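Using the working numbering, you'd call the opening residue of the sequence shown number 555 and step up by one each time.
By construction, the Cβ of each residue, glycine as well, lies at the ideal position given by its N, Cα and C atoms.
For clarity, every value in this text was computed on a predicted model and none was experimentally measured.
A short write-up of the structure that comes next.
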Amino acid sequence: MSTQGRWIVITGGPYSGKTSLLERLAARGFRTLPEAAIRVIDALNAELGVEGQRAWRLAHAVEFQDRVAREQEAQERVVALGAGEVLFADRGLPDSIGYCRYKGVEPPRWLLEATRPKRYTAVLLLDTLSTFDRRLSSGRTSTYEDSLRIRDHLRATYEELGYPVLSVPELPIGERDSFALRLLGLTGAR
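This is the structure we're talking about:
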């Protein structure tokens, strides 16, 4: 992982519009990194089915976050950013710590150690959308209230690690990407 450029994390509770914002930023020409948890959930759905995956995640919260964090670490390891380049990531490694804390379980030790060196330039924390959709068919398990609590744990985790956390309110998607770029002092595409 090379961090010569600007590495921006987009985070928030479930159904906060992270993926939609990432897609808009990619369309503007910015480099992006997809959410590791979705890849892990998709693999579990293929292995166990949606209901089996949900049950497994509820029974194995630490192991699930360990898998997500290892996938995130693997994705980040292969990214090289040149000077002046900008990359937007759908979540960062500290998200797994925030999720563990939300679940009331101790994060894996390796993860706590891996997040100590700062690796991100800034964190955009998105508000949960008022049109919350549980998307149960995809294997998601969170409610609107869960999403708000998760968001709060994510904020606390990133702040504890010394990252600047910038809040992005609910806005029409056509305005949200421009708002986020203004917060970061960026314009247009890269």
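The alpha-carbon separation between R578 and P662 amounts to approximately 33 Å. R645 carries a coil assignment under DSSP once its states are collapsed to helix, strand and coil. Contact holds between the segment 559-576 and the segment 705-716, because three or more Cβ pairs, one in each stretch, are under 8 Å apart. At a Cβ-Cβ threshold of 8 Å, Q607 and I592 do not count as neighbours. Excluding residues up to 5 positions away in sequence, P661, H707, A710 and T711 lie with their Cβ nearer than 8 Å to the Cβ of R655 in the same chain. T586 carries a strand assignment under DSSP once its states are collapsed to helix, strand and coil.
Counting along the chain, G566 sits inside the beta strand (DSSP E) bounded by residues R560 to G566. Closest in alpha carbon position to R582, among Y698, F642, L683 and G638, is F642.
Annotation for G638: G559 place their beta carbon closer than 7 Å to its own, counting only its chain and skipping 5 residues before and after. Where V622 is concerned, the enclosing alpha helix (DSSP H) starts and stops at A615 to R631. For V722, the three-state secondary structure derived from DSSP is strand. Rounded to whole angstroms, the gap between the alpha carbons of A613 and G739 is 43 Å. Rounded to whole angstroms, the separation of the alpha carbons of P726 and S696 is 23 Å.
Residues of the same chain with a CB within less than 6 Å of the CB of P723, apart from the 5 flanking positions on each side, are D681 in chain order. Here DSSP, grouped into helix, strand and coil, assigns L738 to coil. Taking S684 as reference, the option from L737, L702 and D620 with the minimal CA-CA separation is L702.
Counted as a single uninterrupted DSSP element, the stretch harbouring L579 is not any beta strand (DSSP E) but the alpha helix (DSSP H) occupying residues K572 to A581. Here the alpha carbon of E729 sits roughly 36 Å from the alpha carbon of E605.
Distance between D644 and T573, taken at the CA atoms: about 7 Å.
In the DSSP assignment, L679 is bridged to T565 and S721.
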